[in-house]
Amino acid sequence: METNSKLKVIVDYDKCCGAGQCVMVAPKVFDQRDDGIVIVLDAEPPPEQYGPVREAAAVCPGAAIRLGESA
Numbered sequence: 001m002e003t004n005s006k007l008k009v010i011v012d013y014d015k016c017c018g019a020g021q022c023v024m025v026a027p028k029v030f031d032q033r034d035d036g037i038v039i040v041l042d043a044e045p046p047p048e049q050y051g052p053v054r055e056a057a058a059v060c061p062g063a064a065i066r067l068g069e070s071a
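The C-terminal residue of the sequence shown carries number 71 in full-length UniProt numbering, and the numbering is unbroken.
The following block contains the structure:
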């Protein structure tokens with residue numbers, strides 16, 4: 001990732017199964033609605049959240065979380 005680029009969180013809400021793994025791993029970036037579907041609190045989180053966000057994407061059982069870059 002380039003120095004100037006930021007991590008961007010992209011969620012496919014149709015794939016979200018409401019397991020809540022993302023919220024447990026990265027609660028500063030993810031939350032859940034009453035029905036369990038993910039809410040992204042910070043689509044471009046600060047660098048100190050990159051590790052938890054990557055882990056959240058990796059453990060998502062619905063593979064609903066993708067990570068990209070923004071300039």
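The beta carbon of each residue, even a glycine, is placed where N, CA and C say it ideally should be.
In DSSP terms, what Pro32 is bridged to
For the record, residue 32 in the displayed sequence is Gln; it is not Pro. Beta-bridge analysis with DSSP links Gln32 to Val38.
Is Ala57 buried or exposed, if buried means 16 or more other CB atoms sit within 10 Å of its CB?
Buried.
Mapping the DSSP letters down to three states, classify Glu69 as helix, strand or coil.
In the structure shown, Glu69 sits in a strand (DSSP, three-state: E or B).
Cβ-Cβ distance between Gln32 and Val25 below 9 Å:
Not a contact, by the Cβ cut-off of 9 Å.
Give me the Cα-Cα distance between Ala71 and Gln21, rounded to the nearest whole angstrom.
If you take the alpha carbons of Ala71 and Gln21, they lie about 28 Å apart.
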